[in-house]
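A.B. asks: Residue numbers (this note's numbering), protein chains in the order written: chain A, 1 to 597; chain B, 1 to 134.
Here it is, the structure in full.
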Amino acid sequence: MAKYKMHMLVCGGTGCHASDSDMLFENLKKEVQDNNLENDVQVIATGCFGFCEKGPIVKVIPDNTFYVQVTPNDAKEIVAEHAIKGRAVKRLLYTDPVKKEQIPDSKHMGFYKKQLRIALRNCGMIDPENINEYLAADGYEAMGKVLLEMTPEETIKEVMDSGLRGRGGGGFPTGLKWQIASKNHADQKYVVCNADEGDPGAFMDRSILEGDPHSVLEAMVINGYCIAATKGLIYIRAEYPLAIHRLKIAIDQAREYGLLGKDILGSGFDFDVEIRYGAGAFVCGEETALIHSMEGERGEPTFKPPFPAQSGYQGKPTNVNNVETYANIPVIITKGAKWFASIGTEKSKGTKVFALAGKINNVGLIEVPMGITLREVIFEIGGGIQGGKKFKAVQTGGPSGGCLTEKHLDTPIDFDNLLAVGSMMGSGGMIVMDEDDCMVAVAKFYLEFTVEESCGKCSPCRIGNKRLHEQLDIISKGNATEKDLDNLKNLSNVIKDTSLCGLGQTSPNPVLSTMENFWDEYLAHVNEKRCPSGVCKDLIRYEVIAENCVGCTACARNCPVNCIAGERKQVHIIDQSLCIKCGACLEKCKFNAIAVI
Amino acid sequence: MTKIKSLADLKKMKQELQSQVSLREKSDTPEGRVMVRVGMGTSGIASGAKQIMEFLIDEMDKRNVDAIVSQTGDMGYSYAEPTVEVTLPGQEPIVFGDVDQKKADDIIEKYIKNGELLDGIIPANYETIDKNKS
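Written as structure tokens, this is what we have:
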């Protein structure tokens with residue numbers, strides 16, 4: 001049996017594939033065989049390295065040599081030099097763009113700094129159901145340091161100096177929030193972890209709780225010590241059964257070790273955590289609504305002030321922070337505020353976790369330093385758009401945010417920049433759209449969500465969003481006039497200005513930002529009664545292209561309403577009066593004989 | 001379990017646990033054991049990670065492969081779930097994506113037994129913090 005001494009990893013991602021990585025792969029294999037090295041050197045194709053800009057990539061292990069922009073013709077040299085003589089092929093090494101030096105191995109490449117895992121440091125690294133693995137990864141050390149060696153004031157100052165801002169979406173400085181809560185005195189105070197992640201397409205908090213629940217518990221104890229609260233509550237939606245299961249195990253294990261409970265580590269400080277379940281309402285992510293829901297009241301927001309820091313859970317001072325915010329805290333304590341503040345941009349420090357979803361190749365969870373550009377996130381880490389289609393927009397901030405387009409691709413991502421371009425950071429969902437997505441339909445989708453999730457307490461949100469949705473529906477059916485577009489804009493602004501809580505104040509954002517960036521598309525729906533992306537059902541029709549149709553009957557057999565007629569080997573015809581525009585025929589046709597018009 | 005009563009206790013415990021881990025992972029001796037981690041977040045489990053984990057445990061037991069199989073959280077590669085990370089003694093961890101039963105079988109037979117890599121491994125493209133230094 002072969003026991004390989006060397007592996008050559010050839011990137012088989014979409015980007016590299018487009019620049020002939022498959023030919024390179026074949027050539028390398030052939031060269032290895034020609035030199036009788038097939039028992040020593042294994043050539044394999046890998047998933048995307050996320051460095052598509054410099055593709056195709058070849059990485060050689062065990063020495064981690066990293067070759068960039070390798071062409072199929074380079075195969076011979078790589079095998080002759082590297083595999084046989086053991087010398088790296090210098091001209092193919094990556095040159096650092098700043099230092100102008102060649103970098104021999106991947107560990108020293110700045111590129112790998114594109115993703116930096118702080119909040120996700122243990123996710124996918126440790127067994128979340130075993131506290132010992134968390135302890136081995138420096139777990140609870142920050143808590144020990146704070147409880148025994150620091151005063152609450154010092155700890156709050158450290159968090160303030162780090163520049164950490166709330167990761168739930170608002171971006172309020174965490175240290176300041178703690179300071180305010182610490183200054184309100186009461187017989188009982190509370191620390192609340194907001195795990196009511198409700199944005200469609202977002203799963204950052206769920207992944208942290210499932211992958212590293214102890215980091216959140218540890219941070220809650222630190223938070224409790226800082227504001228003199230002895231009770232912690234985690235508000236989590238019941239739709240996250242695995243996260244709840246692992247949190248329960250984590251709480252039990254921490255109690256058994258005495259890391260939660262009375263007199264933690266002999267410091268004299270008591271703290272314990274309980275879980276509260278939510279029913280999965282979007283509005284309960286708003287802190288006042290969340291608190292009411294925990295009290296057993298309806299999950300409706302109330303006017304601020306009073307802020308929870310003054311009068312929160314059971315009327316007592318309460319500090320509410322998001323899961324990801326908490327996950328950053330232990331590292332800030334162990335590595336120091338200065339270290340944390342050295343990452344990110346001037347006003348947004350540290351990293352942000354994003355859930356990449358939509359028409360992107362590498363759907364998944366990423367953590368990047370603040371200040372990275374959308375281009376780097378989408379085209380390098382995300383591996384570009386599925387099927388080589390054209391990028392159209394990306395929605396950040398979920399139903400409260402807005403869409404960003406090609407012209408924003410090079411904007412550094414941080415709290416303030418995103419607000420300035422009409423979107424927001426939000427909790428971190430990033431939904432990527434390609435040329436096939438209709439922006440009117442996208443706005444309508446988000447409005448449908450907000451209409452459903454509005455708690456109904458204030459009229460601008462309850463009635464206004466419903467009207468917005470109706471207007472969008474009329475536009476998508478081709479029955480609107482330009483005057484309706486003006487109305488849409490005015491109503492959006494009124495809802496923003498007059499709603500009680502963040503849900504209504506932000507719900508028209510998808511409408512306003514798609515109108516701002518894709519005005520032409522709205523006009524096409526209104527004036528030409530046409531959906532340029534071929535999405536809005538009432539404005540499109542499916543037709544058979546006679547010259548391509550071979551009469552295979554695939555479309556007719558798959559049509560759910562039997563509206564396609566035609567003999568075998570004859571051109572088929574779609575009966576437009578019966579067609580429901582489901583697109584099944586388009587999907588099944590192998591001859592490009594169905595067109596969307 | 002005994003309670004941890006002071007910071008010194010906590011640090012001592014951490015050191016013991018860490019040395020156990022490094023003994024297990026880093027030693028290149030025959031006693032060094034293979035570590036297999038299966039990504040078991042919600043998305044992993046939904047794509048079949050549980051079955052893969054059971055398969056790996058059963059099969060390695062049957063085939064006398066000495067390995068520690070454990071679960072971990074979401075590695076972030078949602079597009080390639082289920083994901084399995086294998087660390088051979090003395091080597092860098094390798095992440096395999098889209099692991100079905102056939103691939104799990106290949107991981108045991110080809111990678112764990114022979115050090116032979118499989119097509120479609122996922123290159124790590126992130127940096128994590130060095131926890132001990134500030």
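The C-beta atom is built at its ideal place from N, Cα and C for all residues, glycine as well.
Given the structure is predicted, the values throughout are model-derived calculations rather than measurements.
#1: Any idea what DSSP makes of A:L116, helix, strand or coil?
#2: Determine which residues share a DSSP beta bridge with A:E406 and list them.
#3: Taking Cβ positions only, does A:M160 come closer than 8 Å to chain B?
#4: Can you list, in chain order, the residues of its chain with a C-beta nearer than 6 Å to that of A:G502? Leave out the 5 residues immediately preceding and following it.
#5: Do B:Y79 and A:V10 have their C-beta atoms within less than 8 Å of each other?
#6: Below 8 Å on C-beta distance, what does B:I108 contact in chain A?
#7: I'd like the span of the alpha helix (DSSP H) that includes B:K58, first residue to last.
#8: Report back the beta-carbon spacing between B:M40 and B:I68 to the nearest angstrom; my notes put them in contact at under 8 Å.
#9: Determine whether the beta carbon atoms of A:V89 and A:Y67 lie at a separation below 8 Å.
#10: Could you work out which residue in A:V571, A:C555, A:P508 is closest to A:N548 when comparing CA atoms only?
#11: Is there a C-beta anywhere in chain B that falls below 8 Å from the one on A:E210?
#12: State the start and end residues of the unbroken beta strand (DSSP E) segment that holds A:G358.
#13: Quick one: list the residues of chain B neighbouring A:T506, beta-carbon separation under 7 Å, in chain order.
#14: Does the structure place the region 191–205 of chain A close enough to the region 122–135 of chain A that three or more beta carbon pairs sit under 8 Å?
#15: Using the C-alpha atoms, what's the distance from B:E92 back to B:L56?
#16: Let me know the secondary structure DSSP gives A:E274 once reduced to three states.
#17: State buried or exposed for B:S19, treating a residue as buried only when at least 16 other CB atoms are found within 10 Å of its CB.
#18: Are there three or more Cβ pairs, one per stretch, closer than 8 Å when the region 516–532 of chain A is compared with the region 471–478 of chain A?
#19: Taking buried to mean at least 16 other C-beta atoms within 10 Å of its own C-beta, is A:C16 buried or exposed?
#20: Check whether the Cβ of A:A593 sits closer than 7 Å to any heavy atom of the ligand GTP, and report yes or no.
#21: Mind pulling the chain B residues with CB within less than 8 Å of A:N27?
#22: Determine the DSSP secondary structure at A:I378, reduced to helix, strand or coil.
#23: Could you compute how far the alpha carbon of A:L409 sits from the alpha carbon of A:F379?
#24: Since A:N321 sits in a beta bridge, which residues does DSSP pair it with?
#25: Please report the distance separating the alpha-carbon of A:L468 from that of A:L447.
#26: Listed in chain order, which residues of the region 71–105 of chain B have Cβ atoms closer than 7 Å to some Cβ of chain A?
#27: Residue range of the beta strand (DSSP E) that A:L365 falls in?
#28: For B:V51, return the contacting residues in chain A, with the cut-off set at a CB-CB distance below 9 Å.
#29: Between A:E153 and chain B, is the shortest Cβ-Cβ distance under 8 Å, so that the two count as touching?
#30: Rank A:C589, A:K347, A:C563 by C-alpha distance to the C-alpha of A:L578 and give the top, closest one.
#31: Rounded to a whole number of angstroms, what is the C-alpha to C-alpha distance between A:E274 and B:S43?
#32: Can you have a look at A:K100 and say buried or exposed, based on whether 16 or more other CB atoms are within 10 angstroms of its CB?
#33: Leaving aside the five residues before and after A:V191 along the sequence, list all residues of the same chain whose C-beta is less than 6 Å from its C-beta, in chain order.
#34: Taking all protein chains shown into account, decide if B:T72 is buried (16 or more other Cβ within 10 angstroms of its Cβ) or exposed.
#35: Under the three-state reduction of DSSP, which class applies to B:E116: helix, strand or coil?
#36: 8 Å is my cut-off, CB to CB: does B:I4 come that close to chain A?
C.D. replies: Considering the structure as presented:
#1: Note: A:L116 maps to strand in three-state DSSP.
#2: When DSSP reads this structure, A:E406 sits in no beta bridge, so it has no partner.
#3: Judged by the 8 Å Cβ criterion, A:M160 is not in contact with chain B.
#4: E286.
#5: Taking 8 Å as the Cβ cut-off, B:Y79 and A:V10 do not qualify as a contacting pair.
#6: Simply none; closest approach about 14 Å.
#7: A small correction: the amino acid at residue 58 of chain B is Asp; Lys does not occupy that position in the sequence shown. 49–62 is the span of the alpha helix (DSSP H), which, as asked, contains B:D58.
#8: 15 Å between Cβ atoms; not a contact.
#9: Here A:V89 is near A:Y67, since their CB atoms are less than 8 Å apart.
#10: Per the Cα distances, A:V571.
#11: Judged by the 8 Å Cβ criterion, A:E210 is in contact with chain B.
#12: First-last of the beta strand (DSSP E) with A:G358: 351–358.
#13: Those within 7 Å of A:T506 in chain B number zero; the least Cβ separation is about 26 Å.
#14: No, the region 122–135 of chain A does not touch the region 191–205 of chain A.
#15: Whole-angstrom Cα-Cα distance: 20 Å.
#16: If DSSP states are grouped into helix, strand and coil, A:E274 belongs with the strands.
#17: In summary, B:S19 is exposed, with fewer than 16 beta-carbon neighbours lying within 10 Å of its beta-carbon over all protein chains present.
#18: The count of Cβ pairs closer than 8 Å, one atom from the region 516–532 of chain A and one from the region 471–478 of chain A, reaches three, so the stretches are in contact.
#19: It counts as buried.
#20: Among the components modelled here there is no ligand, and therefore nothing to report on the ligand GTP.
#21: Residues of chain B whose Cβ lies closer than 8 Å to the Cβ of A:N27 do not exist, since the nearest Cβ in that chain is about 16 Å away.
#22: It is helical.
#23: Their backbone Cα atoms lie some 10 Å apart in a straight line.
#24: Its beta-bridge partners are A:C193.
#25: Taken atom to atom, the span from the alpha-carbon of A:L468 to that of A:L447 is near 8 Å.
#26: Taking 7 Å as the Cβ-Cβ cut-off against chain A, the residues of the region 71–105 of chain B that qualify are Q71, T72, G73, D74, M75, G76, Y77, S78, Y79, A80, G97.
#27: Where A:L365 is concerned, the enclosing beta strand (DSSP E) stretches over 364–369.
#28: Note on identity: in this sequence residue 51 of chain B is Gln, with Val being the wrong assignment. What B:Q51 touches in chain A: nothing, since even the nearest Cβ is about 16 Å away.
#29: Not an interface residue.
#30: Out of A:C589, A:K347, A:C563, A:C563 has the C-alpha closest to the C-alpha of A:L578.
#31: For the pair A:E274 and B:S43, the Cα-to-Cα distance works out to about 26 Å.
#32: It is exposed - the Cβ of A:K100 has fewer than 16 other Cβ atoms within 10 Å.
#33: In the same chain as A:V191, and ignoring 5 residues on each side of it, the C-beta atoms closer than 6 Å to its own belong to M220, N223, G224, A229, G232, N319, in chain order.
#34: Buried is the call here.
#35: In the three-state reduction of the DSSP assignment, B:E116 falls in the coil class.
#36: Output row for B:I4: interface = yes.
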